[in-house]
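Heads up: the sequence lines are chains U and P, in that order. Under my numbering, the residues of the first sequence are numbered 1 to 378, in order. Under my numbering, the residues of the second sequence are numbered 1001 to 1303, in order. Idealized CB from N, CA, C, for every residue including glycine.
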Amino acid sequence: MQSWRRLGLWCGGLAAALVAVSLGSVAYGTVDLSPVVVAKAMLNAVSVPAGLSVTGGALGVPLVGQVPWLGVDLQYVRPFGFAVPASAQTIVVQLRAPRVALAAVVGFALASAGTVMQGFFRNPMADPSIVGVSTGAAVGAVTTIVFPGFVAAIPLLGLVPLVGPLQVFAFASALVTAFTVYLVATDGGRTPVATLLLAGVAIQTLLGAVVSYLLLQADESVGQALYWLMGHLSAASWNDVVVTLPLALVGFVVLAVYSRDLNVLLMGEEDAHALGIEVERTKRVLLAVSSLVTAAAVAVAGVVGFVGLVVPHVMRLLVGPDHRLLLPTSALAGSVFLVATDAVARSGPAELPVGIVTAALGAPFFLYLLRSREVRTL
Amino acid sequence: MIHGDGVSVSLGGERVLDDVSFDVAAGTLVGVCGPNGAGKTTLLRTVNGILTPDSGSVTVDGEDVASLSARALARRVATVPQDTSFAFDFPVREVVAMGRTAHRGRFERATTADRDAVDAALERAQVDTLADRSVGAVSGGERQRVLLARALAQQTPVLLLDEPTASLDINHQVRTLSLVRSLVDEGKTALAAIHDLDLAARFCDALLVVAGGRVLAAGPPEEVLDEPVLERAFGTRTAVRSNPVTGTPTVTALADHETPLEDVVAERRSTDTTGEADGTVGLPDGGPEDSRRVDARPDGGDE
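The structure is reproduced here in C-alpha cells:
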C-alpha cells in the first residue's frame, strides 16, 4: 500500500512538472506567448471522437444490380473554442508543440532504456547505447546524409509512412548493430553481460571509425551530419511524435512488466536463477525492448547523450533501487529533463543541438551528486 | 530426496565433477567436504540447475533438475549463496521478499501468504529486527542470515547452502548451523558445502568427501572422517579424535614436522624416556588417553 502511494505521488508530481515545463517551453520563443494562450491553443487543437453516424445507400455493381450498403462514420468534435489569434494558434500547434512533445517522448524513451541497462549490466556507467544502438543509428543517418542517392536506391525505405528515409535507415541500422553485438556475445544460449559489454565497446569503436570515414567523404553535407550526431530536435514534426510515441510507450510497458525481475537480477544472475527467474530469456527481452526504444528515440533525435545515463542515477538517489518505482519515475524525469534542456538549447542567440546542452548541464550536476551523495553503487 | 547419478561436469575444458553419484535422504542434513577446488560448489550447482551436467542426471524428489523450469525448480530448491555482493540498497525485507518470486505471477500482487512467508522467514533467521535496514548496511553475519531468510521465504523442501559459515565468527558459525539443523529436524532436506570438518561432523547426519571431482567417501561423519580418506582427499596427514566437548569427530591437519602428542608419548613410553628428559613438552598427568593436543616439537618430524 505504502509503495503504491509513493509511486502515485512521485509520478503525479513528475507529470505535473512535465506539463508545467512543456507549457513554459511552448510559450517561450522569439514570439513570447503567455502560458494561458498556449494552453488555450493546445486545447483548441484537441479533437475527440464524439459519435458515430450510420450512413447507407445503394451501390451499383455491374451484373448484380443495386446492392444496399451500410457504413459507420466517426465524427470528431473539437470541444474547445477559445479565442486565440490565428498566428499564435499556428506557432503553438504547428511549430513549438511537436518539438516539445518529441523532446518529452525521446527523454522518456532514453531514460527508461538507461534505467533498464544500468540494472541489467549492474554497471553504473551503462547507458541506453551500451550495445551500440546510437553508433549504429549514426552510421545509418550519416550515410543517408552523405550519400543520399545510395540510400534512396534502397526500395523498402520509401514504404514506411510518416517518416523519412533517414529515420528509417537510422532505426534499422541501430537494431542491426544491437543484434550483431548480441550475437557476437552469445555462446551456447548464454550471453554473459561482461562479454556483451565488451562486444558493445568493440563494435561501437568500429562503427565510430566508419562514421569518421563517412564524415571525411562528406563535402557540404558535413555540417548537417555533425548536427545530427550532436542530437537535435529542431526538425521535429507531429509525424515523428506519432511514430515514436507508440514504440516508446509499448516498450515502456513491457519493461515495466519486467521490473520485478530486474530487481531480482540485481542480486546476480545465479541468485536470480535460484530464485526462479529464467535469466537468459529475461535478459533477451530486456535487451531487445530497451534497444528498440532507444533506436526509436535516436532515429528521430540523433545522439542525445547523457539523458539515459544521468537521469536514472538521479532518480535512484531520490527513490531507491526498486525498479517498480525507479522505472516510471526515471522515464517521466527524462521527459522533464529533455523538454527543459531543449528550451535552453533554443534560447541562445544561435540554436544549439540539444545534445550539447544535456551534456553541458548534466555532467556538472552529475559530478556534484558524485561528490555530495556518494553515487558509487547502483 | 536428492539423487545424483553419474554426474560429470566440465568447466572451461576441465573436468570438475567426474562420474559423481550421491544421495541425500529426505529430512537429513548432508555436508559436502573437500579441499579447495574439489568441486563442492559445482556439485551444489548441479542441484539448483545453474549447471547442467555433461552426462548423468540429478533428480530432486524424483524430478530431473534439467527438465524443470527455473520457476518450478525454485519452488523445490532454495539456495543460500556463499557471497552475494549487494551493490544496491534494498531494505532487508525486500531482499527476503524476492524469495517469493517463484510463487508469484508476473501480474500478481503480494498475497497474505507471501507476506506471512516473508515475516516467518525474517523471524526464523533472526533478522526481523533488521527488516527495514538497508541490506548494504548490515554485517557479514547478518547478511548471511538475510540470505538464509530469503531462501526460507521460498518455502522449499530442499535447502542448499554454499559455505554458510565461511566468513562468520565462531558464534555466528554455530548459530547458523544450529538453525539449519533445526530446520532439518522440522522436515527440510539440506545439502551444505562446509569447509570446517569439525562443524560438519557436529551438525551433519552424513558427509560427502569430494576431492578431484570424485566422491571419496560418503556416510555418517564418524565413518567418513577417517585418516586415510582425509589424507587422500586433502593430501596431508591428519589426526582424527573425538572432541571432548561435543563427542563428535575433530580433525587436525598435521604439518610435516608434527606428530600427534599421544603417539609421541606412546613412543617415549616404549623406549622408557618421558618428556621430562628434554623438557620440550609438558604432558598432562592423565597420560595419552586424555591428551588431544598435538605436539609441536620442531624436531619431531619422524613418521
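Hey, quick one: how far does the alpha helix (DSSP H) through residue i stretch, first residue to last?
i                      : result
residue 277 (chain U)  : First-last for residue 277 (chain U): undefined, no H or E at that position.
residue 323 (chain U)  : 323 to 345
residue 213 (chain U)  : 193 to 217
residue 1022 (chain P) : Element bounds for residue 1022 (chain P): not the alpha helix (DSSP H) but the beta strand (DSSP E), 1014 to 1024.
residue 406 (chain U)  : Look at the range of chain U in this structure, 1 to 378, and you will see that residue 406 (chain U) is not part of it.
residue 1045 (chain P) : 1040 to 1047
residue 1256 (chain P) : Here residue 1256 (chain P) belongs to no alpha helix (DSSP H), and DSSP marks it neither H nor E.
residue 74 (chain U)   : Segment 65 to 77 is the beta strand (DSSP E) holding residue 74 (chain U); no alpha helix (DSSP H) there.
residue 1145 (chain P) : 1140 to 1153
residue 184 (chain U)  : 165 to 185
residue 1170 (chain P) : 1170 to 1185
residue 1228 (chain P) : 1227 to 1234
residue 1114 (chain P) : 1112 to 1124
residue 1198 (chain P) : 1197 to 1203
So residue i is in the beta strand (DSSP E); what residue range does that whole segment cover?
i                      : result
residue 1209 (chain P) : 1206 to 1211
residue 258 (chain U)  : Residue 258 (chain U) -> no beta strand (DSSP E), and no H or E assigned at all.
residue 1082 (chain P) : Looking at the DSSP string, residue 1082 (chain P) is not in any beta strand (DSSP E), and its letter there is neither H nor E.
residue 1189 (chain P) : 1189 to 1193
residue 311 (chain U)  : Where residue 311 (chain U) is concerned, there is no enclosing beta strand (DSSP E), although the alpha helix (DSSP H) it sits in stretches over 307 to 319.
residue 1219 (chain P) : 1214 to 1219
residue 1264 (chain P) : First-last for residue 1264 (chain P): 1261 to 1270, but that is the alpha helix (DSSP H), not the beta strand (DSSP E).
residue 32 (chain U)   : First-last for residue 32 (chain U): undefined, no H or E at that position.
residue 1161 (chain P) : 1158 to 1162
On a Cα-Cα basis, can you pick out the residue from the options that is closest to residue i?
i                      : options                        : result
residue 1257 (chain P) : P:1236, P:1240, P:1089         : P:1236
residue 224 (chain U)  : U:257, U:124, U:49, U:147      : U:147
residue 1011 (chain P) : P:1271, P:1215, P:1050         : P:1050
residue 372 (chain U)  : U:320, U:6, U:314, U:334       : U:314
residue 1094 (chain P) : P:1113, P:1126, P:1133, P:1032 : P:1133
residue 50 (chain U)   : U:77, U:263, U:208, U:175      : U:77
residue 192 (chain U)  : U:265, U:10, U:318, U:209      : U:265
residue 99 (chain U)   : U:12, U:329, U:25              : U:25
residue 308 (chain U)  : U:291, U:324, U:319            : U:291
residue 171 (chain U)  : U:96, U:106, U:140             : U:140
residue 1098 (chain P) : P:1265, P:1053, P:1052, P:1149 : P:1149
Contact defined as beta carbons within less than 8 Å: I believe residue i pairs with residue j. What is the distance between those atoms, to the nearest angstrom?
i                      : j                      : result
residue 1158 (chain P) : residue 1076 (chain P) : 6 Å
residue 1008 (chain P) : residue 1015 (chain P) : 7 Å
residue 1033 (chain P) : residue 1152 (chain P) : So it is not a contact: roughly 24 Å between Cβ atoms.
residue 338 (chain U)  : residue 103 (chain U)  : 5 Å
residue 180 (chain U)  : residue 203 (chain U)  : 7 Å
residue 336 (chain U)  : residue 18 (chain U)   : 5 Å
residue 137 (chain U)  : residue 173 (chain U)  : 6 Å
residue 1081 (chain P) : residue 1017 (chain P) : That belief does not hold up - the Cβ atoms of residue 1081 (chain P) and residue 1017 (chain P) are roughly 19 Å apart, past 8 Å.
residue 1100 (chain P) : residue 1072 (chain P) : So it is not a contact: roughly 15 Å between Cβ atoms.
residue 1243 (chain P) : residue 1250 (chain P) : 4 Å
residue 289 (chain U)  : residue 134 (chain U)  : Not a contact, Cβ separation roughly 16 Å.
Should residue i go down as buried or exposed, given a rule of 16 or more other Cβ atoms within 10 Å for buried?
i                      : result
residue 364 (chain U)  : exposed
residue 182 (chain U)  : buried
residue 228 (chain U)  : buried
residue 1170 (chain P) : exposed
residue 1090 (chain P) : buried
residue 61 (chain U)   : exposed
residue 143 (chain U)  : buried
residue 382 (chain U)  : No answer is possible for residue 382 (chain U): the residues shown for chain U start at 1 and end at 378.
residue 1145 (chain P) : buried
residue 1142 (chain P) : buried
residue 10 (chain U)   : buried
residue 1067 (chain P) : exposed
residue 1183 (chain P) : buried
residue 417 (chain U)  : Any property of residue 417 (chain U) remains undetermined from this structure, which presents chain U solely from 1 to 378.
residue 36 (chain U)   : exposed
residue 330 (chain U)  : buried
residue 258 (chain U)  : buried
residue 96 (chain U)   : buried
residue 1279 (chain P) : Confidence in residue 1279 (chain P) is poor, its pLDDT being 49 and thus under 50, which makes the residue's placement unreliable; the coordinate value appears in the next sentence. So residue 1279 (chain P) counts as exposed.
residue 353 (chain U)  : buried
residue 21 (chain U)   : buried
Residues bridged to residue i by DSSP?
i                      : result
residue 372 (chain U)  : None; residue 372 (chain U) has no bridge partner.
residue 1033 (chain P) : P:1209
residue 1057 (chain P) : P:1005
residue 101 (chain U)  : According to DSSP, which records beta bridges pairwise, residue 101 (chain U) is partnered with nothing at all.
residue 1239 (chain P) : P:1252
residue 1064 (chain P) : P:1059
residue 1091 (chain P) : P:1134
Which residues in chain B have a C-beta closer than 7 Å to the C-beta of residue i? List them in chain order.
i                     : result
residue 264 (chain U) : The displayed structure is made up of protein chains U and P, and chain B is not among them.
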